[in-house]
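Mapping of the sequence shown onto numbering that gives the first Met the number 0: position 257 corresponds to residue 256, and the numbering continues sequentially without gaps.
The beta carbon of each residue, even a glycine, is placed where N, CA and C say it ideally should be.
Small disclaimer: the values here were computed from a predicted structure and weren't measured.
Below is one structure, written out as C-alpha coordinates, with a few remarks after it.
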Amino acid sequence: MDDRTTSQRVQVNVVGLSKTDYRGNTTTLCQGCGHNSISSQIIAACYELDIVPENVIKFSGIGCSSKSPTYFLNRSFGFNGLHGRMPSLATGALFADHTLHGIAVSGDGDSLSIGMGQFKHVIRRNLNLVYIIENNGVYGLTKGQFSATADKGLQLKSQGTNPYMPIDIAWEALVGNATFVARSFAGDPKQVKELIKAALSHGGIAVLDIISPCVTFNNKDDSVQSYAWGKEHEVALHELAYVPPAEEIMVEYGEGEAKEVTMHDGSRVILK
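Structure (C-alpha coordinates):
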(Lines of atoms letter the chains of each structure in order from A and count residues from 1; the text may use other names and numbers.)
(Lines give C-alpha, C1' and ligand atoms only; values in the text may rest on other atoms or scores of the structure.)
Protein backbone atom coordinates (compact mmCIF):
# COMPACT_ATOMS: atom_id res chain seq x y z
CA MET A 1 0.00 0.00 0.00
CA ASP A 2 1.55 3.33 -1.03
CA ASP A 3 1.39 6.61 0.86
CA ARG A 4 -1.20 8.05 -1.51
CA THR A 5 -3.65 5.23 -0.82
CA THR A 6 -3.14 5.64 2.92
CA SER A 7 -3.66 9.41 2.82
CA GLN A 8 -6.90 9.03 0.88
CA ARG A 9 -8.40 7.25 3.87
CA VAL A 10 -7.78 10.22 6.17
CA GLN A 11 -10.76 12.57 6.04
CA VAL A 12 -9.79 16.23 5.84
CA ASN A 13 -11.79 19.44 6.01
CA VAL A 14 -11.87 22.41 3.64
CA VAL A 15 -8.49 23.73 4.83
CA GLY A 16 -6.88 20.32 4.28
CA LEU A 17 -6.56 19.29 7.93
CA SER A 18 -7.63 16.08 9.61
CA LYS A 19 -9.26 15.97 13.02
CA THR A 20 -5.94 14.77 14.42
CA ASP A 21 -4.39 18.11 13.45
CA TYR A 22 -6.65 19.81 16.00
CA ARG A 23 -5.68 17.65 18.96
CA GLY A 24 -3.39 18.58 21.84
CA ASN A 25 -1.29 16.68 24.32
CA THR A 26 -2.51 13.65 26.26
CA THR A 27 -4.61 14.74 29.24
CA THR A 28 -3.32 14.42 32.79
CA LEU A 29 -6.71 15.18 34.35
CA CYS A 30 -8.65 12.53 36.25
CA GLN A 31 -10.29 9.82 34.17
CA GLY A 32 -13.89 10.83 33.57
CA CYS A 33 -13.31 14.55 34.24
CA GLY A 34 -15.89 16.66 32.42
CA HIS A 35 -13.13 19.00 31.26
CA ASN A 36 -11.80 16.31 28.92
CA SER A 37 -15.19 15.98 27.25
CA ILE A 38 -15.28 19.74 26.64
CA SER A 39 -11.79 19.69 25.12
CA SER A 40 -12.90 16.95 22.73
CA GLN A 41 -15.83 19.06 21.56
CA ILE A 42 -13.61 22.11 21.01
CA ILE A 43 -11.48 19.91 18.74
CA ALA A 44 -14.55 18.67 16.86
CA ALA A 45 -16.06 22.16 16.51
CA CYS A 46 -12.88 23.75 15.13
CA TYR A 47 -12.40 20.87 12.69
CA GLU A 48 -15.98 21.06 11.42
CA LEU A 49 -15.81 24.86 11.06
CA ASP A 50 -12.59 24.57 9.00
CA ILE A 51 -10.75 26.91 11.36
CA VAL A 52 -7.00 27.21 10.81
CA PRO A 53 -5.42 26.40 14.22
CA GLU A 54 -2.75 29.06 13.76
CA ASN A 55 -5.56 31.65 13.69
CA VAL A 56 -6.70 30.67 17.18
CA ILE A 57 -5.23 31.98 20.43
CA LYS A 58 -5.94 30.17 23.71
CA PHE A 59 -6.14 31.59 27.23
CA SER A 60 -6.48 30.09 30.70
CA GLY A 61 -6.07 31.04 34.34
CA ILE A 62 -5.37 28.83 37.34
CA GLY A 63 -7.07 25.59 38.37
CA CYS A 64 -7.87 22.26 36.75
CA SER A 65 -9.48 24.20 33.90
CA SER A 66 -6.16 25.95 33.23
CA LYS A 67 -4.74 22.66 31.98
CA SER A 68 -7.45 22.18 29.36
CA PRO A 69 -5.96 24.32 26.54
CA THR A 70 -2.97 21.97 26.51
CA TYR A 71 -5.29 19.19 25.38
CA PHE A 72 -6.66 20.83 22.21
CA LEU A 73 -5.25 22.76 19.22
CA ASN A 74 -1.57 22.01 19.70
CA ARG A 75 -0.76 24.25 16.71
CA SER A 76 -2.34 27.30 18.34
CA PHE A 77 -0.49 29.69 20.62
CA GLY A 78 -1.66 29.92 24.22
CA PHE A 79 -1.31 32.05 27.35
CA ASN A 80 -1.63 30.73 30.90
CA GLY A 81 -2.22 33.69 33.20
CA LEU A 82 -2.33 34.49 36.90
CA HIS A 83 -5.30 33.41 39.00
CA GLY A 84 -8.34 35.41 37.89
CA ARG A 85 -6.34 37.56 35.48
CA MET A 86 -6.84 35.66 32.24
CA PRO A 87 -9.30 38.25 30.79
CA SER A 88 -6.55 40.91 30.85
CA LEU A 89 -4.34 38.69 28.71
CA ALA A 90 -7.20 38.08 26.30
CA THR A 91 -7.96 41.79 26.08
CA GLY A 92 -4.37 42.71 25.21
CA ALA A 93 -3.87 39.93 22.68
CA LEU A 94 -7.17 40.45 20.88
CA PHE A 95 -6.77 44.23 20.80
CA ALA A 96 -3.36 43.67 19.21
CA ASP A 97 -4.77 41.31 16.56
CA HIS A 98 -8.54 41.35 16.26
CA THR A 99 -8.48 38.81 13.39
CA LEU A 100 -7.72 35.93 15.76
CA HIS A 101 -10.30 33.56 17.23
CA GLY A 102 -9.96 33.75 21.01
CA ILE A 103 -10.81 30.70 23.13
CA ALA A 104 -10.64 31.22 26.90
CA VAL A 105 -11.07 28.31 29.30
CA SER A 106 -11.63 29.15 32.95
CA GLY A 107 -13.15 27.61 36.05
CA ASP A 108 -15.83 28.67 38.49
CA GLY A 109 -13.16 29.59 41.05
CA ASP A 110 -10.93 31.39 38.56
CA SER A 111 -13.75 33.52 37.12
CA LEU A 112 -16.36 33.81 39.90
CA SER A 113 -14.17 34.38 42.96
CA ILE A 114 -10.78 36.04 42.51
CA GLY A 115 -11.56 36.84 38.87
CA MET A 116 -15.13 38.16 39.12
CA GLY A 117 -14.15 41.76 38.36
CA GLN A 118 -12.15 40.83 35.29
CA PHE A 119 -14.92 38.48 34.12
CA LYS A 120 -17.50 41.28 34.24
CA HIS A 121 -15.28 43.81 32.48
CA VAL A 122 -14.22 41.52 29.62
CA ILE A 123 -17.93 41.03 28.93
CA ARG A 124 -18.36 44.82 28.68
CA ARG A 125 -15.58 45.00 26.08
CA ASN A 126 -17.38 42.44 23.86
CA LEU A 127 -14.17 40.93 22.51
CA ASN A 128 -14.19 38.28 19.79
CA LEU A 129 -13.79 35.66 22.52
CA VAL A 130 -15.35 32.33 23.39
CA TYR A 131 -15.29 32.32 27.20
CA ILE A 132 -15.86 28.78 28.52
CA ILE A 133 -16.30 28.29 32.26
CA GLU A 134 -15.87 24.65 33.26
CA ASN A 135 -18.22 24.68 36.23
CA ASN A 136 -17.75 21.90 38.81
CA GLY A 137 -18.59 23.66 42.08
CA VAL A 138 -15.25 22.93 43.78
CA TYR A 139 -11.57 23.82 43.75
CA GLY A 140 -10.43 20.47 42.40
CA LEU A 141 -6.77 21.43 42.19
CA THR A 142 -6.61 22.13 45.95
CA LYS A 143 -8.58 19.12 47.23
CA GLY A 144 -12.21 20.05 46.69
CA GLN A 145 -13.09 23.18 48.67
CA PHE A 146 -16.47 24.73 47.82
CA SER A 147 -16.36 27.27 44.99
CA ALA A 148 -18.69 30.23 44.46
CA THR A 149 -21.03 28.10 42.31
CA ALA A 150 -21.46 25.27 44.84
CA ASP A 151 -25.12 24.75 45.72
CA LYS A 152 -26.26 25.89 49.17
CA GLY A 153 -26.52 22.88 51.48
CA LEU A 154 -24.11 20.75 49.45
CA GLN A 155 -22.37 18.32 51.80
CA LEU A 156 -18.90 17.00 51.06
CA LYS A 157 -17.04 14.60 53.34
CA SER A 158 -13.92 16.71 53.72
CA GLN A 159 -15.62 20.15 53.65
CA GLY A 160 -18.82 19.87 55.66
CA THR A 161 -21.90 21.80 54.48
CA ASN A 162 -21.83 24.81 52.18
CA PRO A 163 -23.79 27.66 53.87
CA TYR A 164 -23.78 30.10 50.93
CA MET A 165 -26.03 30.67 47.95
CA PRO A 166 -24.34 29.97 44.60
CA ILE A 167 -23.43 32.56 42.00
CA ASP A 168 -25.23 31.92 38.70
CA ILE A 169 -22.70 32.25 35.87
CA ALA A 170 -25.23 32.63 33.07
CA TRP A 171 -27.20 35.22 35.02
CA GLU A 172 -24.06 37.27 35.75
CA ALA A 173 -23.21 37.21 32.04
CA LEU A 174 -26.72 38.35 31.10
CA VAL A 175 -26.66 41.15 33.68
CA GLY A 176 -23.34 42.24 32.18
CA ASN A 177 -24.98 42.45 28.73
CA ALA A 178 -23.01 39.60 27.17
CA THR A 179 -24.06 39.24 23.55
CA PHE A 180 -24.08 35.41 23.63
CA VAL A 181 -24.86 33.32 26.73
CA ALA A 182 -25.52 29.58 26.97
CA ARG A 183 -25.46 26.82 29.57
CA SER A 184 -24.75 23.18 28.84
CA PHE A 185 -23.54 19.95 30.44
CA ALA A 186 -20.33 18.07 29.69
CA GLY A 187 -22.34 14.85 29.71
CA ASP A 188 -24.17 16.04 26.57
CA PRO A 189 -21.29 16.29 24.06
CA LYS A 190 -23.55 16.84 21.05
CA GLN A 191 -25.09 19.96 22.57
CA VAL A 192 -21.71 21.23 23.80
CA LYS A 193 -20.22 20.93 20.31
CA GLU A 194 -23.06 22.80 18.62
CA LEU A 195 -22.88 25.60 21.18
CA ILE A 196 -19.12 25.94 20.73
CA LYS A 197 -19.57 26.13 16.95
CA ALA A 198 -22.17 28.87 17.36
CA ALA A 199 -19.96 30.72 19.86
CA LEU A 200 -16.95 30.61 17.52
CA SER A 201 -19.08 32.16 14.77
CA HIS A 202 -20.63 34.84 16.97
CA GLY A 203 -18.15 37.66 16.47
CA GLY A 204 -18.31 38.99 20.04
CA ILE A 205 -18.10 37.77 23.61
CA ALA A 206 -19.72 34.34 23.97
CA VAL A 207 -20.02 33.00 27.52
CA LEU A 208 -20.58 29.26 27.91
CA ASP A 209 -21.37 27.97 31.40
CA ILE A 210 -20.71 24.24 31.06
CA ILE A 211 -21.44 21.99 34.04
CA SER A 212 -18.31 19.84 34.17
CA PRO A 213 -18.42 17.20 36.95
CA CYS A 214 -15.38 16.73 39.18
CA VAL A 215 -15.32 12.94 39.50
CA THR A 216 -12.88 13.08 42.43
CA PHE A 217 -14.49 15.63 44.77
CA ASN A 218 -18.01 16.53 43.62
CA ASN A 219 -19.77 13.76 41.75
CA LYS A 220 -22.33 12.72 44.39
CA ASP A 221 -25.75 11.95 42.97
CA ASP A 222 -27.34 14.80 44.95
CA SER A 223 -24.87 17.41 43.67
CA VAL A 224 -26.19 19.64 40.90
CA GLN A 225 -22.74 19.45 39.29
CA SER A 226 -22.66 15.63 39.10
CA TYR A 227 -23.14 13.37 36.08
CA ALA A 228 -26.16 11.67 37.66
CA TRP A 229 -27.93 14.95 38.43
CA GLY A 230 -27.15 16.40 35.03
CA LYS A 231 -28.42 13.39 33.10
CA GLU A 232 -31.58 13.16 35.19
CA HIS A 233 -32.48 16.85 35.19
CA GLU A 234 -31.14 18.19 31.89
CA VAL A 235 -34.00 19.59 29.84
CA ALA A 236 -33.04 20.91 26.41
CA LEU A 237 -35.04 24.06 25.72
CA HIS A 238 -34.24 23.64 22.03
CA GLU A 239 -32.94 20.89 19.76
CA LEU A 240 -29.68 22.62 19.00
CA ALA A 241 -27.99 22.37 15.63
CA TYR A 242 -25.52 24.91 14.33
CA VAL A 243 -26.65 26.76 11.21
CA PRO A 244 -23.65 28.46 9.57
CA PRO A 245 -24.07 32.04 8.38
CA ALA A 246 -24.53 32.33 4.62
CA GLU A 247 -25.45 34.95 2.06
CA GLU A 248 -29.17 35.52 1.78
CA ILE A 249 -30.79 33.85 -1.22
CA MET A 250 -33.17 36.17 -3.06
CA VAL A 251 -35.25 35.30 -6.13
CA GLU A 252 -37.99 36.97 -8.11
CA TYR A 253 -40.82 35.20 -9.85
CA GLY A 254 -44.19 36.24 -11.18
CA GLU A 255 -47.69 35.12 -10.33
CA GLY A 256 -48.40 31.64 -11.70
CA GLU A 257 -44.70 30.91 -12.28
CA ALA A 258 -42.63 28.18 -10.66
CA LYS A 259 -39.04 28.86 -9.64
CA GLU A 260 -36.50 26.22 -8.61
CA VAL A 261 -34.05 27.51 -6.01
CA THR A 262 -30.83 25.79 -4.95
CA MET A 263 -30.18 26.10 -1.21
CA HIS A 264 -26.78 26.47 0.46
CA ASP A 265 -26.57 22.76 1.29
CA GLY A 266 -27.26 21.75 -2.32
CA SER A 267 -30.90 20.85 -1.78
CA ARG A 268 -33.53 22.40 -4.03
CA VAL A 269 -36.98 23.83 -3.42
CA ILE A 270 -39.64 24.91 -5.89
CA LEU A 271 -41.48 28.14 -5.24
CA LYS A 272 -44.89 28.58 -6.82
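Closest Cα partner of I37 within the set Y226, N127 and F184:
For I37, the nearest C-alpha among the options comes from F184.
contact_flag[the segment 137 to 147, the segment 212 to 229] where n(CB pairs < 8 Å) is 3 or more
The segment 137 to 147 is in contact with the segment 212 to 229.
Please go through the segment 81 to 164 and give each complete alpha helix (DSSP H) segment of 4 or more residues, from N-terminal end onward.
Counting only runs of 4 or more, we get 85 to 95, 107 to 111 and 115 to 124.
Using DSSP's beta-bridge definition, name the partner residues of A205.
BP columns for A205 point to V129.
Quick one: using the 10 Å Cβ neighbour count with 16 as the cut-off for buried, is V129 buried or exposed?
It is buried - the Cβ of V129 has at least 16 other Cβ atoms within 10 Å.
Is I210 helix, strand or coil when you go by DSSP?
In the structure shown, the three-state DSSP call for I210 is strand.
When you compare each of Q10, E47 and V9 to I195 by their alpha carbons, which one comes out closest?
Minimum Cα distance to I195 is reached at E47.
May I ask which residues mark the beginning and end of the alpha helix (DSSP H) holding N35?
Boundaries of the alpha helix (DSSP H) around N35: G33 to E47.
Helix, strand or coil at S222 [DSSP, three-state]
In the structure shown, S222 adopts coil according to DSSP, grouped into three states.
Using only the alpha-carbon positions, how far apart do G265 and E238 sit?
Approximately 23 Å, taken between the alpha carbons.
Go ahead and pull the three-state DSSP assignment for E53.
If DSSP states are grouped into helix, strand and coil, E53 belongs with the helices.
Would you mind sorting Y138 into buried or exposed? The rule is 16 or more other CB atoms within 10 Å of its CB.
Result: buried.
Terminal residues of the beta strand (DSSP E) in which A273 lies
The requested residue 273 does not occur in the structure, where the chain is confined to residues 0 to 271.
Among I41, G136 and Y21, which one has its Cα closest to the Cα of E193?
Checked all of I41, G136 and Y21; the closest Cα to E193 is I41.
Start and end of the alpha helix (DSSP H) containing L173?
From DSSP, the alpha helix (DSSP H) with L173 extends over I168 to V174.
Start and end of the beta strand (DSSP E) containing F216?
Looking at the DSSP string, F216 is not in any beta strand (DSSP E), and its letter there is neither H nor E.
Give the DSSP-derived three-state secondary structure of T178 in the structure shown.
Coil, per DSSP.
Quick test of the definition: if touching needs 3 or more C-beta pairs under 8 Å, does the segment 230 to 248 touch the segment 164 to 173?
Contact annotation: the segment 230 to 248 does not touch the segment 164 to 173, with fewer than three C-beta pairs closer than 8 Å.
Is it buried or exposed for T261, if we count other Cβ within 10 angstroms and need 16 for buried?
Exposed.
Can you give me the C-alpha to C-alpha distance between L126 and G60, rounded to a whole angstrom?
Going by the C-alpha atoms only, they are around 17 Å apart.
Within this structure, are the beta carbons of N134 and I210 separated by less than 8 Å?
Going by C-beta atoms, N134 is nearer than 8 Å to I210.
Considering only DSSP beta bridges, list what S273 is partnered with.
Because the chain spans 0 through 271 in this model, residue 273 falls outside it and cannot be assessed.
Anticipated Cβ contact below 8 Å, G101 with F58, distance rounded
Indeed, because the Cβ distance is near 7 Å, the residues count as touching under 8 Å.
A92 to F76, Cα distance in whole Å?
When rounded, the distance between both Cα atoms is 11 Å.
Identity of the residues DSSP links to E259 by a beta bridge
According to DSSP, which records beta bridges pairwise, E259 is partnered with I269.
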